[in-house]
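In this note's numbering, the protein residues as written are -5 to 145. Beta carbons: idealized from backbone N, C-alpha and C, even for Gly. Working notes, beginning with the structure itself.
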């Protein structure tokens, strides 16, 4: 049985249970296009001066260079700075995908967090081991940041 409410919405009664009938809504005029997004990059202000291609962490909305022995911040790892920045200026951080730079000279092997945010292919024997990704070419890393392992 179909019933019309006082507010002009129709309902369907099945087995003494009333359910509202869905209404079809026509699409409106499409709005203006928004800015292109990039889920691979995060932009925040630098909490200190940071050079490009350093591993960084983000805490309280600011980026800082991460050291492999920094037990207070190791779990806030955010990615690799793809731009450098002075303190309180915007910095872009790559979190996933391919990262290519002409200064890289990697073997086709794993890439780890090193001392003072450096990228290294030699796993450390103290502090934390953090796999950053794999070098898929001498100038390109495929980022795949893993959880830190305490050594």
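- Assignment of beta-bridge partners to residue 81 by DSSP yields no partner.
- Between the C-alpha atoms of residue 89 and residue 45 there is a straight-line separation of about 16 Å.
- Per DSSP, residue 120 has no beta bridge partner at all.
- With a cutoff of 7 Å on beta-carbon distance, residue 112 and residue 85 are scored as not near each other.
- Secondary structure at residue 76: coil, using DSSP grouped into helix, strand and coil.
- Counting of Cβ neighbours within 10 angstroms places residue 126 among the buried residues, the total reaching 16 or more.
- Of the candidates 26, 131, 95 and 83, 131 places its Cα closest to the Cα of residue 104.
- The closest CA to that of residue 83, considering only 38, 144, 139 and 24, is found on 38.
- Bridge partners of residue 125 according to DSSP: 106.
- Within the DSSP secondary-structure output, residue 68 pairs in no beta bridge.
- Pairing residue 107 with residue 25, the inter-Cα distance amounts to about 44 Å.
- In chain order, 88, 89, 90 and 91 place their CB closer than 7 Å to the CB of residue 34, counting only its own chain and leaving out the 5 sequence neighbours on each side.
- Using a Cβ distance threshold of 7 Å, residue 118 and residue 62 count as a contacting pair.
- With respect to residue 123, residue 145 sits close: the two C-beta atoms are nearer than 7 Å.
- Apart from the 5 residues on each side of it in sequence, residue 133 sits with its Cβ closer than 7 Å to the Cβ of 94, 95, 96 and 98 in its chain, given in chain order.
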